[in-house]
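Colleague: Starting off with a structure, shown below.
In my numbering, the protein residues as written are 64 to 236.
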């Protein structure tokens with residue numbers, strides 16, 4: 064089954080996130096399903112993961128459609144909640160301890176080349192693009208000037224443009 068890491072499932076105001084309404088078909092209430100999903104989120108925060116059995120117990124009997132289950136699993140993935148098989152719980156807990164130790168090691172070692180700042184990423188990419196030569200700049204500026212002249216020529220053919228220019232000149236004076 065899918066593996067996702069848990070993170071704080073709290074919103075900006077410290078509350079558990081409201082599970083956005085899921086359009087579910089069937090005889091059960093969407094509100095009931097949302098409440099059950101909130102309970103699953105609380106359980107995942109306590110345990111650090113969810114098992115497939117937890118999902119089966121928490122969800123109403125009517126939730127059997129694959130699309131509905133996929134929407135629920137997608138919601139849990141977005142909240143970075145691990146959904147694992149019951150047989151993998153011990154292995155997951157051991158792996159989680161190892162991952163926590165690795166994270167502590169990573170915190171002590173500064174990462175030099177990983178740009179996490181968008182501005183740094185942009186500047187790094189821009190540094191890899193070759194600059195224009197003087198000739199290329201002149202050529203581009205000439206093309207821009209020609210295009211501006213053509214636009215001016217075509218727009219000035221319309222009579223209302225001359226009137227608009229005169230009205231603008233009167234307003235400015």
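In this text, a Cβ means the ideal position worked out from N, Cα and C, and glycines have one as well.
Being a predicted model, the structure only gives us computed values, none of them experimental.
What does the alpha-carbon distance come out to for the pair residue 182 and residue 140?
Modeller: 28 Å
Colleague: My output table needs one value for residue 147: the three-state DSSP class, helix, strand or coil.
Modeller: strand
Colleague: Indicate whether the contact test is met: 3 or more Cβ pairs, each with one atom in the stretch 106–114 and one in the stretch 140–150, closer than 8 Å.
Modeller: yes
Colleague: Give the single residue among 152, 204, 117, 192 whose Cα lies nearest to the Cα of residue 136.
Modeller: 117
Colleague: Go through its chain and collect everything with a Cβ distance to residue 121's Cβ below 7 Å, but skip five positions before and after it.
Modeller: In chain order, 99, 102, 103 place their CB closer than 7 Å to the CB of residue 121, counting only its own chain and leaving out the 5 sequence neighbours on each side.
Colleague: Following the continuous alpha helix (DSSP H) through residue 192, name the residue where it begins and the one where it ends.
Modeller: Note, residue 192: premise wrong, no alpha helix (DSSP H); not H, not E.
Colleague: Nearest to residue 134 by alpha carbon, out of 215, 96, 106, 212?
Modeller: 96
Colleague: Tell me the residue span of the alpha helix (DSSP H) that contains residue 124.
Modeller: No alpha helix (DSSP H) holds residue 124; DSSP gives it neither H nor E.
Colleague: Quick check: the Cα distance between residue 236 and residue 218, rounded to an integer number of angstroms?
Modeller: Cα to Cα, the separation comes out at about 24 Å.
Colleague: Does residue 236 come out as helix, strand or coil in the three-state DSSP assignment?
Modeller: coil
Colleague: Which first and last residues belong to the alpha helix (DSSP H) in which residue 103 is found?
Modeller: It spans 93–110 - the alpha helix (DSSP H) in which residue 103 sits, taken as one unbroken run.
Colleague: Using the C-alpha atoms, what's the distance from residue 131 back to residue 209?
Modeller: 59 Å
Colleague: When you compare only the Cα positions, how much space is there between residue 188 and residue 200?
Modeller: 21 Å
Colleague: Since residue 115 contacts residue 93 with CB under 8 Å, what's their CB separation in whole angstroms?
Modeller: Actually they do not touch by this definition, with Cβ atoms about 22 Å apart.
Colleague: Drop a sphere of 10 angstroms on the beta-carbon of residue 107, count the other beta-carbons inside from all chains shown, and report buried for 16 or more, exposed for fewer.
Modeller: buried
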